[in-house]
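S.K.:
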């Protein structure tokens with residue numbers, strides 16, 4: 041047996057340094073220019089030009105480098121292994137992946153390896169969701185193909201499709217619903233597609249993709265690769281495996297055309313409104329009969345793709361008037377309902393808009409229950425943990441939930457959540473010290489912050505100062521107005537400043553990060569590029585605290601995740617040099 045050749049430590053270090061020193065700014069600019077050309081060619085309907093540009097992009101070394109960086113550095117699931125067991129790729133191996141990604145190797149490509157089956161719980165339900173995790177190499181291939189396919193489809197996707205699309209979110213879908221009912225109450229057909237990802241017809245999907253043969257063959261291989269659960273192999277004759285990089289795009293392609301089918305069939309009178317987020321969609325119309333006809337057209341159209349509506353999750357209700365299914369509806373964790381207001385509930389103002397009702401959108405009761413239940417479960421698992429860990433674990437949960445719901449009517453709900461959280465913390469204190477009084481527990485676990493008593497403690501900094509840390513209140517997050525995305529706008533249309541400014545209202549961007557983005561003019565200080573939707577952002581000190589930097593806003597910057605990784609490596613090297621030289625910082 042031939043011995044396996046291994047790289048020397050010097051060669052490995054050289055390849056690692058070569059990865060870090062690549063001109064990432066130029067590479068991203070080159071790929072974006074190509075994507076913008078694909079987007080505009082697709083807008084013109086020039087399919088031949090689209091395929092020509094896609095082939096150029098897939099062969100581009102810049103696109104291959106970005107695809108590898110996305111799955112090995114940027115992706116949240118970068119440490120999840122496929123069937124090959126690889127879950128971490130060092131810089132020297134990334135360069136080898138880039139070479140293997142070249143399209144010239146696709147000619148002799150065998151059937152791709154199956155995905156690894158992983159089950160995750162659905163929030164608030166006993167059911168579990170199946171995920172199919174491809175190998176790291178297949179993830180890189182899918183990321184490369186997505187770079188070429190996504191701009192072409194973004195140019196033709198329907199305006200009221202919001203799920204799994206760059207630059208669009210749940211809040212845009214809620215904004216579209218508000219615009220659809222704000223001037224006139226509507227009947228609502230709340231639908232859910234049964235097992236959408238698991239039942240998409242492969243041939244119907246590939247026919248709709250309508251791309252050139254080599255790419256069609258590659259995507260067909262991913263769809264039919266099968267899944268491995270332990271040592272059991274299961275073929276995939278239908279559906280797209282959730283967990284793949286390209287799966288959300290393929291699902292959107294499969295559902296593209298639903299809105300046009302439902303709205304264009306009715307050429308006279310009021311047309312139904314379709315709002316879709318991934319496999320969840322609603323139909324709005326003021327007449328129940330017309331709404332049912334629209335729902336039948338939607339069900340018939342879905343059957344062509346091998347999909348069916350879920351009977352248990354489909355219902356017809358009304359935004360204002362009571363009906364058999366109740367009043368209002370839940371969508372994406374929000375409750376949408378209209379209430380009658382005023383003395384007469386009738387009449388019109390000078391602008392001929394109907395009066396007598398008000399539209400309110402707030403967090404749904406189920407969302408509040410799931411959130412308070414999550415906090416309670418976390419406290420039960422941390423019953424014997426120190427108080428500092430309670431604070432550090434609960435604050436991200438509370439902040440993330442509040443950032444998601446701060447764009448709707450939320451103040452009263454946030455106060456309710458604070459009440460339940462306080463009771464749960466009191467139960468945690470009593471469980472730790474069942475024989476002690478409430479006054480004793482309050483004195484031990486609570487501190488005075490301003491005029492309020494908070495669950496927290498004082499911790500000592502490196503300088504010796506005592507600073508308070510405490511569990512944040514939900515009500516500290518103030519309600520803000522959300523600005524819906526413009527019509528058919530897309531991140532590939534070239535208006536980078538517009539998309540960078542929209543990041544300040546992204547659910548994952550807290551107040552401090554939003555302020556820093558505005559100070560930085562929405563530019564990364566390391567690579568100099570505008571932040572875009574889908575970029576993972578991290579806050580770090582410009583001068584590390586270990587090198588004498590202060591923990592203040594003037595010493596903080598927002599970086600891309602990959603830029604932050606590179607900066608952290610440089611900072612650690614500088615800290616090691618200072619320690620070796622005996623330099624200390626206060």
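Numbering (this note's numbering), first residue to last: 41 to 626. Beta carbons are placed, not taken as given, at the ideal position from N, Cα and C, and that holds for glycine. Fair warning: this is a prediction, and the values are worked out from it, not measured in the lab.
Residue range of the beta strand (DSSP E) that residue 598 falls in?
M.R.: Segment 596-600, the beta strand (DSSP E) holding residue 598.
S.K.: With 16 other CB atoms within 10 Å as the buried threshold, where does residue 110 fall?
M.R.: When all chains shown are included, residue 110 counts as buried.
S.K.: Do residue 520 and residue 447 have their beta-carbon atoms positioned less than 8 Å apart in this structure?
M.R.: Closer than 8 Å, so yes.
S.K.: So residue 70 and residue 102 are supposed to be a Cβ contact under 8 Å. How far apart are they, rounded?
M.R.: So it is a contact: roughly 5 Å between Cβ atoms.
S.K.: Can you check DSSP and say which residues form a bridge with residue 496?
M.R.: Answer is 510.
S.K.: Could you check where the alpha helix (DSSP H) with residue 571 kicks off and where it finishes?
M.R.: Note, residue 571: premise wrong, no alpha helix (DSSP H); not H, not E.
S.K.: Can you tell me whether DSSP reads residue 255 as helix, strand or coil?
M.R.: DSSP places residue 255 in helix when its eight states are reduced to three.
S.K.: Output the distance between the C-alpha atoms of residue 62 and residue 150, rounded to the nearest integer angstrom.
M.R.: So the alpha carbons of these two residues sit roughly 31 Å apart.
S.K.: Mapping the DSSP letters down to three states, classify residue 197 as helix, strand or coil.
M.R.: DSSP places residue 197 in coil when its eight states are reduced to three.
S.K.: Would you call residue 159 buried or exposed, if buried means 16 or more other Cβ atoms sit within 10 Å of its Cβ?
M.R.: Exposed, by the Cβ-count rule.
S.K.: If you check the beta carbons only, do residue 359 and residue 376 fall under 8 Å apart?
M.R.: Going by C-beta atoms, residue 359 is nearer than 8 Å to residue 376.
S.K.: Can you tell which of 281, 327, 268 and 352 has the C-alpha that lies nearest to the C-alpha of residue 228?
M.R.: Answer by Cα proximity: 327.
S.K.: List the endpoints of the continuous alpha helix (DSSP H) containing residue 79.
M.R.: Run containing residue 79: 64-84, per the alpha helix (DSSP H) assignment.
S.K.: With H, G and I counted as helix, E and B as strand and the rest as coil, what does DSSP make of residue 248?
M.R.: Note: residue 248 maps to helix in three-state DSSP.
S.K.: Between which two residues does the beta strand (DSSP E) carrying residue 378 extend?
M.R.: 374-380 is the extent of the beta strand (DSSP E) around residue 378.
S.K.: Extract the residue ranges of the alpha helix (DSSP H) inside the segment 401-445, only unbroken runs of 4 or more that lie entirely within it.
M.R.: Whole alpha helix (DSSP H) segments, 4+ residues: 405-421 and 427-445.
S.K.: Within a Cβ cutoff of 7 Å, which residues of the same chain sit near residue 553, ignoring the five residues on either side of it in sequence?
M.R.: Closer than 7 Å at the Cβ level, and outside the excluded window around residue 553, lie 577, 579 and 598.
S.K.: State the DSSP-derived secondary structure class of residue 269, mapped to helix, strand or coil.
M.R.: Of the three classes helix, strand and coil, the one that applies to residue 269 here is strand, per DSSP.
S.K.: Using the Cβ count rule (16 or more neighbours within 10 Å means buried), how would you classify residue 90?
M.R.: The residue in question, residue 90, is buried, as its Cβ has 16 or more Cβ neighbours within 10 Å.
S.K.: Counting along the chain, where does the beta strand (DSSP E) carrying residue 159 start and finish?
M.R.: 155-161 is the extent of the beta strand (DSSP E) around residue 159.
S.K.: Are the beta-carbon atoms belonging to residue 321 and residue 231 less than 8 Å from one another?
M.R.: The answer is yes: Cβ separation under 8 Å.
S.K.: Determine the burial state of residue 479: buried for a count of at least 16 other Cβ atoms within 10 Å of its Cβ, exposed for fewer.
M.R.: Exposed: under 16 other Cβ atoms inside 10 Å.
S.K.: Look at the alpha carbon of residue 347 and the alpha carbon of residue 264, and state the distance between them as a whole number of angstroms.
M.R.: Roughly 18 Å between the two C-alpha positions.
S.K.: Exposed or buried, residue 390, counting other C-beta atoms within 10 Å across all chains shown (16 or more means buried)?
M.R.: Here the model assigns residue 390 a pLDDT of 46, short of 50, so the residue's position is not dependable and the matter cannot be decided.
S.K.: Do the segment 198-216 and the segment 130-147 touch if we need at least three Cβ pairs shorter than 8 Å?
M.R.: With the cut-off at 8 Å, the segment 198-216 and the segment 130-147 do not touch.
S.K.: Near residue 225, what residues of its chain come up, given a Cβ to Cβ distance below 6 Å and the 5 sequence neighbours on each side ignored?
M.R.: Answer for residue 225: 359, 360 and 378, listed in chain order.
S.K.: Going by DSSP, which residues form a beta bridge with residue 239?
M.R.: Paired residue(s): none; residue 239 is not in a bridge.
S.K.: Just reading off the alpha helix (DSSP H) that residue 324 is part of, what are its end residues?
M.R.: No alpha helix (DSSP H) holds residue 324; the beta strand (DSSP E) holding it covers 320-325.
S.K.: Pick helix, strand or coil for residue 613, following the three-state DSSP scheme.
M.R.: Helix at residue 613.
S.K.: According to the neighbour-count rule (16 or more other Cβ atoms, all chains shown, within 10 Å of its Cβ), is residue 8 buried or exposed?
M.R.: Past the edges of the chain, shown from 41 to 626, lies residue 8, and the structure says nothing about it.
S.K.: Where do the ends of the beta strand (DSSP E) carrying residue 355 lie?
M.R.: Where residue 355 is concerned, the enclosing beta strand (DSSP E) stretches over 355-358.
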